[in-house]
Structure formats: structure tokens, C-alpha cells
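Residue 941 in the numbering used here sits at position 119 of the sequence shown, and the numbers go up by one each step.
Note that CB positions come from ideal geometry on N, CA and C, so glycine has one too.
Shown next, in C-alpha cells, is the structure this report addresses.
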Amino acid sequence: MLTIALPKGRIAKETLDKFQKAFNEEFIFEDRKLILEKQNFRFLNVRNQDVPTYVMHGAADLGVVGLDVLEEKEYDLIKLLNLQLGKCKVAFGLRKGEELDFSKSEIRVATKHEKIAKKYFEQKAMAVEIIKLYGSIELAPLVGLSDCIVDIVETGTTMKQNGLEVGPTIMESSAHLIANKNSFYAKKDIILDLKNRIEKVL
């Protein structure tokens, strides 16, 4: 049996739709259930941010998670396949009419994506103060808490509604099928068969 950690919400449904196409059978989580067992699969319904943790520690053989979460976690996992789901980008958000001022001695950035933001400024050899926030990040530049934000952007609507403009893109992201290294080598044939089946329905 393969255990696969799925992020709750839209990506889980879209991933299960792919399984349905690949195996000609319906895969649906029943009301509020966190485990779905069907054929030779056990699906776990977990928070998006927790998917790599389940896979890293071997509680799941495989997982489906956004590339942005993988980059932020920096876990040693195998990226098997880009599922082309949940496409978005990690980008800067700035007050209207403003640009990133790279001449400043230090830029203050509010974000949930600490490592991604830090790595961006390290590559530019610039000093950055990361202000970790867990929600309502768009508020930070408007009240002077930060110079800008780094956040997930799908359409940019949320930023616009809150008086910000979408700035430079740091990275593109979409959902990837990932594997625990030990699981991959122990169950290589089954995992590669699954990967090939899903690849055909993308």
C-alpha cells in the first residue's frame, strides 16, 4: 500500500480527479474524514504546510505540495512530477506607485515565506530584515511595519483590494508529486508506475 499526503482543499480535489482518470475509479474523502483507503492507496488529508513533514518522516510515502512550500521547508525529498495544479507565484507586494529601493542599507520585508525571501536578498548581497507574519500580510506596508511584502499571488486581486501592487516575481509555483527517499527506493516500481499513470492524464 502507498500512503499519499494531500493538502486540504482545492488541490486535494484536483489531485483525486487525476487519480480518478488514471484508475477509472472515484476517489472522494467522505465528510470530514482524514483518511481515504481505496485500491492500494491510503490518502491522508492534511494541511498544505504539513505535507512535506509527513513525507519527510515517512508517515507518507508520497505527497502533493506546492513548490513554494517545498522551497520554504528545504527538506531532502524527491520531486517526481509537476502536476501543473494550483499555479501561482511568490512575488513582492508594494504600495501603489512604489518600487523596491535596492539602494537602502536594509529592506524590511513582511512575509510567511522567510527562507524564500531571505535567499532572494542573499543572492543580491543585500541586507534584509524579515518580519514573520501569519496573516493579513498586506497590512504591513500600509501601516509602516515593512517596506514591502513577499506573498503567494494567484491573480493579484487581494493585493489590489488592499492598496498594493504586485512587484517582481521571486519564483513560480505549482503542485508537485514528492516522495520520501527511503520509500522511493523500497517501492520504486509501484511509485514509478503511479507517476507514469498520472503523467498520462495531465
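Enclosing alpha helix (DSSP H) for residue i [first to last residue]
i           : result
residue 837 : 832-845
residue 875 : 873-878
residue 892 : 889-895
Element boundaries [beta strand (DSSP E), containing residue i]
i            : result
residue 1016 : Counting along the chain, residue 1016 falls outside any beta strand (DSSP E), though it belongs to the alpha helix (DSSP H) covering 1010-1022.
residue 953  : 950-954
residue 900  : 900-904
residue 995  : 986-995
residue 915  : 910-917
residue 867  : 863-868
residue 859  : 857-860
residue 907  : Element bounds for residue 907: n/a, residue is neither H nor E.
residue 850  : Per DSSP, residue 850 belongs to no beta strand (DSSP E) and is neither H nor E.
residue 881  : Premise fails: residue 881 is in no beta strand (DSSP E) and is neither H nor E.
Through-space distance from residue j to residue i, alpha-carbon basis
i            : j            : result
residue 939  : residue 828  : 26 angstroms
residue 885  : residue 873  : 6 angstroms
residue 929  : residue 837  : 38 angstroms
residue 900  : residue 875  : 13 angstroms
residue 897  : residue 944  : 20 angstroms
residue 869  : residue 830  : 6 angstroms
residue 958  : residue 861  : 41 angstroms
residue 880  : residue 1003 : 9 angstroms
residue 835  : residue 842  : 10 angstroms
residue 973  : residue 906  : 20 angstroms
residue 1015 : residue 889  : 22 angstroms
residue 963  : residue 951  : 14 angstroms
residue 987  : residue 878  : 36 angstroms
residue 908  : residue 847  : 23 angstroms
Beta-carbon gap between residue i and residue j smaller than 8 angstroms
i            : j            : result
residue 955  : residue 932  : yes
residue 994  : residue 937  : no
residue 1023 : residue 840  : yes
residue 960  : residue 953  : no
residue 833  : residue 1001 : no
residue 934  : residue 985  : no
residue 927  : residue 947  : no
residue 849  : residue 858  : yes
residue 1009 : residue 866  : no
residue 1012 : residue 1006 : no
residue 863  : residue 826  : yes
residue 1021 : residue 892  : no
Anticipated Cβ contact below 8 angstroms, residue i with residue j, distance rounded
i            : j            : result
residue 975  : residue 913  : 5 angstroms
residue 1017 : residue 999  : 7 angstroms
residue 844  : residue 1019 : 4 angstroms
residue 989  : residue 922  : 6 angstroms
> Hey, which unbroken runs of the beta strand (DSSP E) at 3 residues or more fall wholly within the stretch 922-979?
Replying inline: Runs found: 929-933, 950-954 and 970-975.
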